[in-house]
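In our numbering, the protein residues as written are 536 to 1089.
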């Protein structure tokens, strides 16, 4: 009688190993006691005595082998490739009919595992579909408790300094909780009232998180009469379109609270935009984002739009300026009311706009029919870093006169008010709080008392982050809008204040003392940097001389 399965075909367990005796399917004349299966625990899967085991007992006279049989090897492969869960006979996986198919199944399984490993490795190196690497995703998910972390997570969190004691007491770590509606409303209560009747409109660059209309609320909260905001995510090329409900809410809140957004709102352009870039694909990306922002301004009733002109890398300054002017002419022809405002730069590298002559040349490249729709924003920190001294009344007047002569005071549409962490002509764009940096309080007294700077947005971009008390490591920061409130009121108080009065001198001295330590550290850092540069420059000729001598055996 042939060996067959119930469906008439051979199974993997029905094929006897090569060289072993083939026995008929009939039961041999032996005691049933010897062929009975061992007792099985009822909680485990009921198993059937395999043919290999039956053959192993039948073949008593066969010579013993020192190595496992092929049948035993097949049994081990099968055991490793299938889970140890209980299955009914109907759930038993389909048995392979040949060694080739069994080998193919093993190879397929290995290929699947390799694909998983490769996918995980790619996620670690290149990031997921959102552009986030594994470590970045873990940082963003730092709200998880230690119990939720896998071993690899814990290792990476420890490396990033997020967890001091991974296995520490959970109670020692502060628990984050959702803010109630009352807490959110309390947070939006005004920190100071807005000062009416002023000719100087001071504010800050506020958040628009949760909707553009929230920028109006955040400006009201800090007591600002002007404000800046981002119209989209400044770190992404692609953004969803402006929603009608956000547009209408922004306009309604501005009107309700007496903000003339056509004059005193100064959106900031995306940091990704570079109108001077040489690469055609990147130039199109920059232009598309730039024009989209101008359309958003017009939808919101905003006229001024501040942006960084850009930088060149593989060309010249004049060619970069020409490309900026070309892009601006094209954008101005596609829009109606928005006014692009060129921001001056700090002067590092090949960035365009650190000199007033750069801004003049860009404006000169604008078509005559569009020149009334172009402007300039002077950043006090950038100007100081680029070599324009603003610290005394005479020096301040010289700079504004130079701007008027070079560019034209009629093009000055706004100011960014920032002190500087770095000294004059440092080429470093490092903003500092008012009165604490190298510019000093007197610079801002000059700003607040110059008639040429009236009726335009004066926007703070000073640091407002402080350590978050909920983070025991002290590394996490949070925004403190009260810093801007104090600075707005400080600047407004300078209008008409006598700089020779005891009140001003005391205020100036207090702020200067507060920032003294940081200024001294900066000077030490710059001195070390200059010393290294000098040492490197000194060693370069010596190295060249030694190389020449070595050529001649010296």
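Glycine included, each C-beta is placed from N, C-alpha and C at the ideal position. A quick note: this is a predicted structure, and the numbers were derived from the prediction, not measured.
Query: Alpha carbon of residue 894 to alpha carbon of residue 802, nearest angstrom; Result: 19 Å
Query: Neighbourhood of residue 1000 by C-beta, 8 Å cutoff - its chain only, sequence neighbours within 5 removed; Result: 1012, 1013, 1014, 1015
Query: Which of helix, strand or coil DSSP assigns to residue 993; Result: strand
Query: Assumed close pair residue 985, residue 972 - CB separation to whole angstroms, cut-off 8 Å; Result: Incorrect: roughly 20 Å between the Cβ atoms, too far for contact.
Query: For residue 1007 and residue 1017, the rounded distance between their alpha carbons; Result: 22 Å
Query: CB of residue 744 within 8 Å of CB of residue 762, strictly; Result: no
Query: Alpha carbon of residue 841 to alpha carbon of residue 764, nearest angstrom; Result: 10 Å
Query: Backbone secondary structure at residue 985 - three-state DSSP; Result: coil
Query: Pair within 8 Å by beta-carbon distance, residue 969 and residue 1061; Result: no
Query: Burial state of residue 927, where buried means 16 or more other Cβ atoms lie within 10 Å; Result: exposed
Query: Three-pair Cβ contact test at 8 Å for the region 847-859 versus the region 801-819; Result: yes
Query: Assumed close pair residue 884, residue 843 - CB separation to whole angstroms, cut-off 8 Å; Result: Actually they are not in contact, since the Cβ atoms of residue 884 and residue 843 sit about 13 Å apart, beyond 8 Å.
Query: Contact check, residue 527 vs residue 915, beta carbons under 8 Å; Result: Lying before the first or after the last residue shown, residue 527 is absent from the chain, which here runs from 536 to 1089.
Query: Residue 698 burial status per 10 Å Cβ neighbour count (16 or more: buried); Result: Low local confidence applies: a pLDDT of 32 at residue 698 is under 50, so the model's placement there is unreliable, with the coordinate-based value given in what follows. Answer is buried; the Cβ neighbour count reaches 16.
Query: Span separating the alpha-carbon of residue 788 from that of residue 752; Result: 8 Å
Query: Reference residue 834; option with closest CA among 1072, 768, 777, 642; Result: 777
Query: Pick from 960, 826, 795, 756 that is closest to residue 990, judged by C-alpha positions; Result: 795
Query: Nearest neighbour of residue 760, chosen from 1066, 1049, 866, 1020 [CA to CA]; Result: 1020
Query: Nearest neighbour of residue 870, chosen from 902, 826, 876, 923 [CA to CA]; Result: 826
Query: 8 Å Cβ shell around residue 728 - same chain, five flanking residues per side excluded; Result: 758
Query: Alpha helix (DSSP H) runs contained entirely in the region 794-876, provided each spans 4 or more residues; Result: 796-799, 815-835, 852-869
Query: As assigned by DSSP and simplified to three states, the class of residue 1002; Result: strand
Query: Which of helix, strand or coil DSSP assigns to residue 1041; Result: helix
Query: Start-to-end residues for the alpha helix (DSSP H) that takes in residue 896; Result: 891-899
Query: Nearest-angstrom Cα separation, counted from residue 1043 out to residue 1036; Result: 11 Å
Query: Cβ pair residue 962, residue 920 closer than 8 Å; Result: yes
Query: Cα-Cα separation between residue 965 and residue 976, rounded to whole angstroms; Result: 17 Å
Query: Three-state class that DSSP yields for residue 973 in the structure shown; Result: coil
Query: Whole-angstrom distance between residue 1053 and residue 798, CA atom to CA atom; Result: 36 Å
Query: Check whether residue 905 and residue 881 have beta carbons under 8 Å apart; Result: no
Query: Pick from 653, 735, 634 that is closest to residue 1031, judged by C-alpha positions; Result: 735
Query: CB of residue 481 within 8 Å of CB of residue 950, strictly; Result: The displayed coordinates of the chain run from 536 to 1089. Any statement about residue 481 would go beyond what the structure contains.
Query: Whether residue 793 touches residue 839 by CB criterion (8 Å); Result: no
Query: Through-space distance from residue 647 to residue 784, alpha-carbon basis; Result: 52 Å
Query: Distance between residue 805 and residue 889 (C-alpha atoms, nearest Å); Result: 19 Å
Query: Separation of residue 633 from residue 650, as counted between CA atoms; Result: 26 Å
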